[in-house]
Amino acid sequence: MLKNIVCIGAGYVGGPTMAVIADRCPEYTVTVVDINAARIEAWNSGNLPIYEPGLEEVVRRCRGRNLFYSGDIAGAIRQADVIFVSVNTPTKTFGTGAGKAADLQYLEKTARSIIKYAESDKIVVEKSTLPVRTAQALGRVLEANGRGLKFRIVSNPEFLAEGTAIRDLNAPDRVLIGGLDADAIETVASIYAHWVPREKIITTNLWSSELTKLVSNALLAQRVSSVNSISALCEKTGADIDEVTAAAGLDSRIGKKFLKAGIGFGGSCFKKDILNLVYLCGYYGLPEVAAYWEQVVKMNDFQAKRFVGKMLSSMFNTVADKRIAVFGFAFKADTGDTRESPAIAVTRQLLEEHALVRICDPKAIENARLDLAETEGDVSFFTDPYLAAEGTHAIALLTDWQEFRNLDYRKLYDMMEKPAFIFDGRNLLDAGMLFDIGFNVYPIGKKERTHF
Ligand code: UDX
Ligand code: ADP
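Numbering-wise (this note's numbering), the sequence shown opens with residue 378 and increments by one.
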């Protein structure tokens, strides 16, 4: 009978997912391990290593009861019945497939740890996003254990979005389980069945499950790039992107979610998964399909460049020595995560133009410092938006944190250089109100409002 669940990798996926499993399945012991000792220590402290609304409450409820964070990878593997693998699978930066293919070294090292320490048969669950047919490779490494141990591989991709992870985990649209072994699939399904209705637990073959994860993210990212491409056209034609998407989204076949224009998508998944898809298509001799999906990423890069281009041209073609407050560095609101955040590209471009950049974010300042550690230029970091904006020529709003909406913009205007500019990269603010205060306002995909 299933008793011990182990998760290898205590990151943005493994951490919250296992906390919710422990919360919902009190009869199981859930142990999360990681090679990063500092991360484990943080999970065991009052200051969790990731910010996610609602996470702290769940961890506090379960930690020490049936949820454990540990550095003892060997011991955890020995005791595990089911091992979830949620290690990082970044895009390769070297060798064949550099810039597109997934770097599977962490996954393979995990497989080797499993072989080394396992003393009994295990179900191994792929949780990390992986290229299609990775399960097969994982299976081959595990089969080579030479001790007759049996490892059954199940793919169970995670669909949680950061910032809403706890809500998504507690009420998922679907749970997807792919595999070749009906018993192994059922064992994993029975975990989720503690709280997810059975009709939402979908089972498929292994390859469909792996591909579905890539496709889901590719379709979502494609939607964002599609809307952003139209935002550029709106700015030229006088149409308003929010009006266009609201009206188009009323068609139930299109749907109204995920149609918000901005400076582009970020996060650890979208770009990586599309590039993965592109690499796979190329590998299987489908260059037209590869080019089609690659365009989604190109459009995303274009949107960030376009945004900086607009800042430059509006501010009289130079931002050199001008102070610019960047409001928000996280790739979206309600997270401290900055992986692939468009704010990184925007900030680097501004620094290249010799702007003096003052970054403000409620949760992502530590990560922002790391991201920009090797970037040359004059950059400083703030958690207080009023301090960040003091004496600046412009505010560039890059993350849709609600707190930025609720600031006192008259006060901000009074402390800025004139003419004062606001570039709202998320269409978060009330452009009319800002214009009336005196700002020159540049939203995305809408008419700009200027006093000259
Ligand atoms: C995504 C998927 O949603 C999730 O299912 C998967 O498991 C992981 O990848 P995540 O990257 O955490 O989740 O956040 P998401 O809410 O999807 O946003 C991704 C990016 O797209 C953010 O930068 C966000 O600002 C941007 N976005 C999203 C838009 O620009 N417009 C939108 O309408 C929606
Ligand atoms: P994700 O967003 O997919 O959860 P993260 O980078 O946040 O990715 O987390 C992945 C975690 O996996 C990291 O904390 C990393 O230290 C851990 N990890 C990577 N390789 C191994 C390994 N071989 N054994 C244990 N943990 C690992």
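Glycine is no exception: its CB is placed at the ideal position from the N, C-alpha and C atoms.
Margin query: Run the Cβ filter for me: residues under 5 Å from any heavy atom of ligand 1, listed in the order they occur in the chain.
Written below: Taking each Cβ in turn, the ones that pass are F536, A538, E539, V601, F635, K637, G639, F642, G643, G644, C646, F708, K709.
Margin query: Tell me whether the stretch 554 to 570 and the stretch 611 to 623 touch, counting them as touching only if at least three CB pairs, one residue from each stretch, are closer than 8 Å.
Written below: no
Margin query: Using only CA atoms, which one of R437, A475, V459, A495 lies nearest to A451?
Written below: Nearest option by C-alpha distance: A495.
Check: Does the beta-carbon of H731 have 16 or more other beta-carbons within 10 angstroms, so that it is buried, or is it exposed?
Finding: exposed
Next item on the list: State the CB to CB distance for the pair S463 and C402, rounded to an integer number of angstroms; the pair is presumed to be in contact (CB under 8 Å).
Entry: Actually they do not touch by this definition, with Cβ atoms about 17 Å apart.
Margin query: Considering just the uninterrupted stretch of the beta strand (DSSP E) at K499, what are its terminal residues?
Written below: 499 to 503
Next item on the list: Could you check the C-alpha separation between K824 and C611 for me, to the nearest Å?
Entry: 8 Å
Item checked: Same chain only: Cβ atoms within 6 Å of L749, ignoring 5 sequence neighbours per side -> V756
Next item on the list: Taking 8 Å as the threshold, find out whether the stretch 390 to 401 comes into contact with the stretch 443 to 458 through three or more Cβ pairs.
Entry: yes
Notebook entry, point to check: Which residue's Cα is closest to the Cα of G516: V501, I382, D411?
Noted result: The option with the nearest alpha carbon to G516 is V501.
Notebook entry, point to check: So what's A771 in DSSP terms, helix, strand or just coil?
Noted result: strand
Next item on the list: Could you tell me whether any non-hydrogen atom of ligand 2 is closer than 7 Å to the CB of V397?
Entry: no
Note to self: Taking only three categories from DSSP, how would you classify V592?
What the structure shows: helix
Check: Straight-line CA distance for A591 to E404?
Finding: According to the sequence as given, residue 591 is Leu; it is not Ala. Their Cα atoms are separated by approximately 33 Å.
Check: What are the complete alpha helix (DSSP H) segments, minimum 4 residues, inside the stretch 599 to 669?
Finding: 618 to 626, 647 to 660
Next item on the list: Please name the residue or residues paired with S447 in a DSSP beta bridge.
Entry: V410
Next item on the list: Just the C-alpha distance for L588 and K477, rounded to the nearest angstrom, thanks.
Entry: A direct Cα-to-Cα measurement between L588 and K477 gives close to 16 Å.
Next item on the list: Output the distance between the C-alpha atoms of G386 and N413, rounded to the nearest integer angstrom.
Entry: If I take the Cα positions, the gap works out to 9 Å.
Check: In terms of DSSP beta bridges, what is V552 paired with?
Finding: I578
Next item on the list: Run the proximity test for Y389: is its beta-carbon closer than 7 Å to any non-hydrogen atom belonging to ligand 2?
Entry: Because some heavy atom of ligand 2 lies under 7 Å away, the Cβ of Y389 counts as near it: yes.
Next item on the list: Put D801 into one of helix, strand or coil per three-state DSSP.
Entry: strand
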